[in-house]
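Notes follow once the structure below has been shown.
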Amino acid sequence: MEVARDLIGCVVRHAGSAGRIVEAEAYHEEEPACHAFVGLTARTKPLFGPAGFAYVYRSYGIHALLNAVTSEDGEGAAVLIRALEPLDGIELMRARRGVERLTDLCSGPGKLTQALDIGLSLNETSLLADGPIEFLPREAADAPVPRIVVSERIGITRAMELPWRFSDANAVRFVSSPRPPELRARAA
DNA sequence: TAAACGATGCCCT
DNA sequence: GGGCATCGTTTAC
């Protein structure tokens with residue numbers, strides 16, 4: 062989950078569009094909200110490593126969700142990318158999403174995959190420069206140091222008490238709903 | 001082989 | 001702010 066914190070501020074680039082990560086959640090096999098909790102299956106195989114690859118799966122039969130695998134020593138672990146601040150290829154994102162508002166383009170895990178045209182075919186591909194999806198470290202992306210807010214994860218029914226959701230308090234506009242309690246009521 | 005269950009987003013109030 | 005569509009994966013019979 063240190064990786065989830067470090068991923069805030071990184072830039073994700075794919076298919077002519079890019080965004081800065083403003084929200085991410087950590088998942089680990091020892092905790093029941095994680096897909097890897099059930100063990101090694103055809104679906105969860107990518108979660109068990111190696112790290113640095115994508116785990117893309119279908120949620121609710123409709124959406125593709127993007128994870129960065131962070132597995133070490135064969136354990137199942139990953140970070141769910143939940144929201145981006147749009148940077149490049151914004152018109153491309155608008156066309157793919159069918160919406161205009163900047164804050165509606167990538168403010169959710171299913172939204173950002175649609176905006177960046179990330180589909181299930183990219184499962185198990187590399188997230189380094191040699192793969193189709195490219196993750197740029199915060200320093201390389203010359204992004205400002207984010208003010209990170211820690212809260213409970215959302216959209217799950219088990220292990221909800223773990224504080225493994227990380228959001229950038231300086232980019233609240235682009236964080237998905239419901240926002241962390243600490244960030245409600247403010248609009249910057 | 002069948003049925004239940006989501007790491008969601010959209011549309012309506 | 002709340003209800004609902006939708007289908008692959010998992011688990012049970």
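62 is the number of the first residue of the first sequence in my numbering; add one for each residue after it. We put the CB at the ideal spot given by N, CA and C, even for glycine.
*Identify the residues that DSSP records as bridge partners of Phe114: which are they?*
Ser187
_Distance, Ala76 Cα to Pro205 Cα_ = 24 Å
*Where does Pro239 land, buried or exposed, given buried means 16+ other C-beta within 10 angstroms?*
exposed
*How is Ser78 classed by DSSP in three states: helix, strand or coil?*
strand
*Identity of the residue in Trp225, Glu195, Phe235, Pro242 nearest Arg66 by Cα*: Trp225
*Drop a sphere of 10 angstroms on the beta-carbon of Met154, count the other beta-carbons inside from all chains shown, and report buried for 16 or more, exposed for fewer.*
buried
*Please classify Ser182: does DSSP put it in a helix, a strand, or coil?*
helix
*DSSP on Arg247, reduced to helix/strand/coil?*
Low per-residue confidence applies at Arg247: pLDDT is 48, beneath 50, and the placement is therefore not dependable enough to give any value.
*Which of the three DSSP states, helix, strand or coil, is assigned to Ala202?*
coil
*Give a yes or no on whether the C-beta atoms belonging to Val83 and Glu161 are separated by under 7 Å.*
no
*asked:* Pull the bridge partners of Asp149 from the DSSP assignment, please.
replied: Ala79
*Where Val233 sits in the DSSP three-state scheme*: helix
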